[in-house]
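Notes follow the structure.
Chains as they are written, first to last, in our numbering: chain A, 94 to 437; chain B, 6 to 494.
As structure tokens, then:
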């Protein structure tokens with residue numbers, strides 16, 4: 094049976110998105126363009142043209158992976174703000190496999206590089222997980238700060254030891270062909286990462302909703318005292334979700350290297366890790382919601398430039414729309430919370 | 006003179022009728038009790054009076070004038086003061102600061118003057134209090150006094166107290182009753198919401214009984230008995246005395262020797278406690294809250310490390326049921342539904358988990374059976390347990406902890422906050438377990454209950470057993486004295 098309670102996580106993001114598009118329309122009007130034309134250009138480009146769709150799927154890959162990572166941690170009540178840094182570490186892990194292991198078949202090389210991306214990201218998530226579970230250090234602060242360490246670490250590596258010989262700007266040499274993900278829409282940028290991301294989302298749905306592990310994670314997230322009472326180890330669960338969340342974000346970084354750039358470069362992520370937080374909150378812990386919201390955010394990002402070119406609306410309007418969606422969902426959550434308070 | 010009159014007050018929540026044409030008349034200077042089971046509509050009615058809800062229909066008259074109470078602020082202006090079961094105080098602030106909170110709108114705050122005002126007010130009503138004390142340092146009974154002073158400071162003439170004795174020790178209850186009588190003598194009108202029958206009869210002038218949202222009776226409390234009130238509340242005949250068969254003791258199940266346990270802050274909470282518990286026996290532990298009962302129970306359940314001594318319950322294995330003190334904080338995951346809560350301690354086991362996946366159908370069937378067996382009332386099995394009444398929540402915990410024929414059951418305050426019907430069910434279920442041969446540790450602050458259900462009673466005070474008594478040969482007075490640390494004369 095579908096109760097209103099179950100529909101709410103789907104409906105309220107839709108309302109938030111609609112409202113933010115409406116307010117965005119005002120911004121477009123202020124910029125001196127027709128909002129209908131601007132939006133049509135934006136979504137037509139990003140969703141219905143072959144190349145544009147490829148572009149959208151490419152951007153959706155890291156967003157989906159990273160927001161799944163945020164979601165896993167969130168289910169156990171942990172705020173993982175460190176997706177950005179975990180992406181960078183994942184990119185490093187898979188680059189190392191792609192650069193220094195040569196001459197093995199792709200069938201082994203690709204999984205190995207992905208695995209190393211996962212492990213590096215997981216390591217970056219486990220540090221704050223350990224600190225939270227064992228030492229009680231607030232994970233928001235540690236994950237946030239670890240972002241800067243990761244970004245600067247990669248920056249140092251591509252400028253010095255990993256720099257390609259005679260490269261004009263800081264990036265590494267190309268990774269081995271056998272470690273590169275195949276293109277799924279020939280002629281576009283879309284690579285196999287999106288399929289991996291969607292499969293991962295499916296597996297995660299099963300784990301979170303149908304498995305005892307998902308149940309355990311939920312208990313820890315909703316009521317850690319009841320978890321202790323049921324002899325569930327809260328500490329181990331926290332470390333597990335933080336590691337898993339980091340690993341998923343790490344896969345985002347791995348796919349950026351293996352599917353898009355084929356090398357480690359300075360700006361692995363233009364803030365996917367932060368968008369992912371918005372996406373996870375917008376979808377309110379619902380895996381299907383995360384898939385759709387990642388698609389929406391990716392479409393916004395990939396259509397923004399075309400919109401700027403053809404209607405002269407600055408592409409930054411898109412970021413305003415993203416921000417507005419987060420704002421509206423926060424308002425929806427606050428209203429719901431108040432509704433519950435009054436009922437009780 | 007009639008102070009408050011309610012006329013046909015009706016309130017719906019969707020299709021559920023919380024208050025159904027309630028009529029009520031309260032004279033000024035009187036103490037009026039409102040009795041009812043959980044979910045009978047007491048809280049809704051009081052929330053209408055304090056301005057949180059608007060009635061769908063019906064009128065409210067104060068001193069003969071028709072009033073509309075649109076908001077809590079409006080209620081305060083009309084002289085209606087609400088004292089909640091869970092105090093609305095800021096622990097870090099002083100008594101004075103708490104009392105004046107939200108009433109001052111001037112730029113300059115003269116705390117000294119306010120302190121004097123509050124001292125005067127407390128002397129006027131004979132509510133002794135130190136206005137400079139921090140609220141967190143005060144005992145619960147005194148905190149309640151601060152709450153009472155807070156509404157008096159705001160000029161309340163009608164005081165509504167929601168389950169005010171639920172959190173108090175027996176001595177504090179006596180002092181609260183004195184305070185309320187004083188207030189009534191000074192012309193204040195008091196509404197006393199409770200489900201403790203004896204207290205209501207003792208304190209109130211008149212009593213209104215609510216059942217399923219309707220006011221089923223208003224009685225002069227001198228002309229009634231606890232038995233009559235209880236039957237009015239549940240709407241059927243009750244046997245207040247537990248039918249208890251003589252204990253048939255079996256093998257030794259639990260043996261505790263010189264046990265010492267520290268609390269979360271590392272302070273000794275249990276000092277050198279020793280006792281033994283056999284199959285088919287209920288061992289009662291009476292005591293005021295916070296005398297080490299929780300630490301003792303947690304230690305036996307294996308949730309708290311032992312500092313010294315020994316707990317031997319090796320024959321029990323995992324067959325242990327633990328009904329924790331606080332069902333909402335510890336016993337339940339409020340966001341889960343009944344079925345999900347029932348598997349909290351067995352979610353990794355067959356049949357709930359099979360081939361690495363949770364079995365929805367098995368969980369659902371299990372829930373259905375338990376809801377039948379434990380009379381868990383909800384119109385939708387999928388509903389979050391946070392939406393259930395306290396009694397039904399406790400039945401969920403009970404159903405889970407009594408499942409799988411436990412050999413040892415630790416029941417910590419299992420009837421706290423429950424109405425007569427639910428209390429009866431808890432006791433019957435525990436007695437049935439005893440009959441089956443389970444060993445039961447029954448920890449409670451309700452003396453009558455402990456005496457009625459236990460085969461032996463220990464009285465706990467400051468982490469020690471003051472004495473172990475035979476319930477047949479003891480009295481409430483004797484246990485009350487030991488609970489306060491007094492010695493047998």
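We put the beta carbon where it would ideally sit given N, CA and C, even for glycine.
A quick note: this is a predicted structure, and the numbers were derived from the prediction, not measured.
- Its chain contains 99 as the residues whose beta carbon lies nearer than 6 Å to that of residue 137 of chain B, once the 5 sequence neighbours on both sides are disregarded; these appear in chain order.
- Contact annotation, residue 410 of chain B with residue 324 of chain B: C-beta distance approximately 7 Å; criterion of less than 8 Å satisfied.
- Residue-level contact by beta carbon fails for residue 51 of chain B and chain A, as no gap is shorter than 8 Å.
- With respect to the 8 Å criterion, residue 182 of chain A and residue 343 of chain A are classified as neighbours on the basis of their beta carbons.
- Among the CB atoms of chain A, none fall inside 8 Å of the CB of residue 318 of chain B.
- Here residue 94 of chain B is buried: its Cβ has 16 or more other Cβ atoms, across all protein chains shown, within 10 Å.
- Taken in chain order, the members of the stretch 307-326 of chain A whose beta-carbon sits within less than 7 Å of a beta-carbon on chain B are 308, 312, 315, 316, 318, 319, 321, 322, 323.
- Contacts with chain A (Cβ-Cβ distance below 8 Å) from the stretch 325-337 of chain B involve 327, 329, 334, 335, 336, 337, listed in chain order.
- Among the residues of chain A, those whose CB is under 7 Å from the CB of residue 358 of chain B are 305, following chain order.
- Straight across, the Cα-Cα distance linking residue 114 of chain B with residue 125 of chain B is about 18 Å.
- Runs of the beta strand (DSSP E) lying entirely within the stretch 329-396 of chain B and spanning at least 3 residues: none are present.
- Residue 166 of chain A places its beta carbon 8 Å or farther from that of residue 300 of chain A.
- The way I'd put it, the stretch 212-228 of chain A does touch the stretch 336-350 of chain A; three or more beta-carbon pairs between them come closer than 8 Å.
- Looking at B:357, B:482, B:152, B:143, the one whose alpha-carbon comes closest to that of residue 291 of chain B is B:482.
- The stretch 412-429 of chain B and the stretch 443-456 of chain B touch, with three or more beta-carbon pairs separated by less than 8 Å.
- B:62 is the residue among B:145, B:262, B:62, B:31 whose C-alpha sits nearest the C-alpha of residue 13 of chain B.
- For residue 303 of chain B, there is no enclosing beta strand (DSSP E); the residue is part of the alpha helix (DSSP H) that begins and ends at 298-305.
- Contact of residue 308 of chain B with chain A by beta-carbon distance below 9 Å involves 321, 322, 324.
- For residue 395 of chain A, the uninterrupted alpha helix (DSSP H) segment begins and ends at 380-404.
- Membership of residue 330 of chain A in the alpha helix (DSSP H) is indicated by the continuous run 327-348.
- The alpha-carbon of residue 465 of chain B is positioned some 44 Å away from that of residue 22 of chain B.
- In terms of Cα proximity to residue 452 of chain B, the closest of B:293, B:119, B:53 is B:293.
- The beta carbon of residue 58 of chain B lies closer than 7 Å to those of 16, 49, 52 in the same chain, with the five residues before and after it left out.
- Distances from the alpha-carbon of residue 41 of chain B to those of B:176, B:422, B:30, B:456 put B:422 closest.
- The alpha-carbon separation between residue 187 of chain B and residue 75 of chain B amounts to approximately 30 Å.
- Contact between the stretch 275-290 of chain A and the stretch 151-160 of chain A is established, with three or more Cβ pairs separated by less than 8 Å.
- With a threshold of 8 Å between beta carbons, residue 361 of chain B makes contact with chain A.
- Nearest in C-alpha terms to residue 341 of chain B, of all of A:310, A:382, A:119, is A:310.
- Interface residue (Cβ-Cβ distance to chain A less than 8 Å): residue 412 of chain B is not classified as such.
- Across the set A:307, A:266, A:200, A:241, the C-alpha of A:200 shows the shortest separation from the C-alpha of residue 275 of chain A.
- Taking CB atoms only, residue 299 of chain B has no neighbour in chain A less than 8 Å away.
- Sequence-distant Cβ neighbours of residue 189 of chain A in its own chain, meaning closer than 8 Å and more than five residues away, are 209.
- Ranked by how close their Cα comes to the Cα of residue 315 of chain A, the residues A:124, A:171, A:162, A:243 have A:171 in first place.
- Under the 10 Å beta carbon count, residue 190 of chain B is surrounded by fewer than 16 other beta carbons and is classified as exposed.
- Note on residue 296 of chain A: under 16 other CB atoms within 10 angstroms of its CB, so exposed under the neighbour-count rule.
- For residue 180 of chain B, the enclosing alpha helix (DSSP H) covers residues 175-190.
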